[in-house]
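**Q**
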Amino acid sequence: MKTIIICLAMLFAGSAYAGPDTYKTVLKNFNETFPEAQNIKWYNGTNYYEVSFIDKTIPERVYYDQDGKVIRTIRYYDETKLNPFISQKIKEKFRNKSIKSITELQEDDGILYQVILQDNKHLYVVNCNSSGEMYLQHKYIKG
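The sequence shown runs 213 to 355 under our numbering.
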């Protein structure tokens, strides 16, 4: 019983000690990568830190693991910031539709784009990978 109590005490003490140092590492990495970030908001997850901010007019969210490494980024922007290769592929497949907004998700396995397109009658949600492969996820009637 004494051993269990000692182990639990060490576990809690270790967790409390690791927390501030981990956060300092994450904060240092963030500040080095995004020195011009504005409107910064931090959130603590179970096994990660999340920060939302604006970087050079682009809203972003970055997720860090407990070691301070980036595990996911999400960016929100308009057609002018979209990779030209992806933009061309979308315009070829979805002629006569304009791009309304883009959400870019980057993780270990690559970049995914969720593109919202529109025409006079419909909104289209299209998912696309960095190779230009895409599929229509949803089609909505405009109200």
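From the three backbone atoms N, C-alpha and C, an ideal C-beta is built for every residue, glycine too. Predicted model, so just to flag it, every value in this text is computed and none were measured.
If residue 264 and residue 290 are in contact, beta carbons under 8 Å, what's the gap, nearest whole angstrom?
**A** As a working mapping, residue 264 is identified with position 52 in the sequence shown. As a working mapping, residue 290 is identified with position 78 in the sequence shown. With 8 Å as the limit, residue 264 and residue 290 do not qualify as a contact, their Cβ atoms being about 18 Å apart.
**Q** From this set, 276, 336 and 354, which residue's C-alpha is nearest residue 307's C-alpha?
**A** Position 95 of the sequence shown, counted from the first residue, corresponds to residue 307. Ranking 276, 336 and 354 by Cα distance to residue 307 puts 336 first.
**Q** Is the region 234–246 in contact with the region 265–283, if contact means three or more CB pairs nearer than 8 Å?
**A** yes
**Q** Give the range of the beta strand (DSSP E) segment to which residue 310 is assigned.
**A** Start at 1 with the first residue of the sequence shown, and residue 310 comes out as number 98. 310–319 is the span of the beta strand (DSSP E), which, as asked, contains residue 310.
**Q** How many angstroms separate the CA atom of residue 238 from the CA atom of residue 353?
**A** By one-based count along the sequence shown, residue 238 stands at place 26. By one-based count along the sequence shown, residue 353 stands at place 141. If I take the Cα positions, the gap works out to 43 Å.
**Q** Of the choices 280, 297, 267 and 324, whose alpha-carbon is the least far from that of residue 259?
**A** Looking up residue 259 in the sequence shown gives position 47. That would be 280, whose Cα lies nearest to the Cα of residue 259.
**Q** Classify residue 316: buried if its beta carbon has 16 or more other beta carbons within 10 angstroms, exposed otherwise.
**A** Walking along the sequence shown from the start, residue 316 turns up at place 104. Classification for residue 316: buried.
**Q** DSSP three-state call for residue 300: helix, strand or coil?
**A** The count along the sequence shown starts at 1 and reaches residue 300 at position 88. The answer is helix: DSSP assigns residue 300 an H, G or I state.
**Q** The beta strand (DSSP E) that contains residue 322, what's its start and end?
**A** By 1-based counting over the sequence shown, the position of residue 322 is 110. Taken as a continuous stretch (DSSP letters only), the beta strand (DSSP E) holding residue 322 covers 322–330.
**Q** Rounded to the nearest angstrom, how far is the Cβ of residue 287 from that of residue 272, given a contact under 8 Å?
**A** Here residue 287 is taken as the residue at index 75 of the sequence shown, counted from 1. Here residue 272 is taken as the residue at index 60 of the sequence shown, counted from 1. Between residue 272 and residue 287 the Cβ distance is about 5 Å, and since that is below 8 Å, they are a contact.
**Q** List the endpoints of the continuous beta strand (DSSP E) containing residue 273.
**A** Taking the sequence shown and counting its residues from 1, the one referred to as residue 273 is at position 61. Residue range 270–276 is occupied by the beta strand (DSSP E) that includes residue 273.
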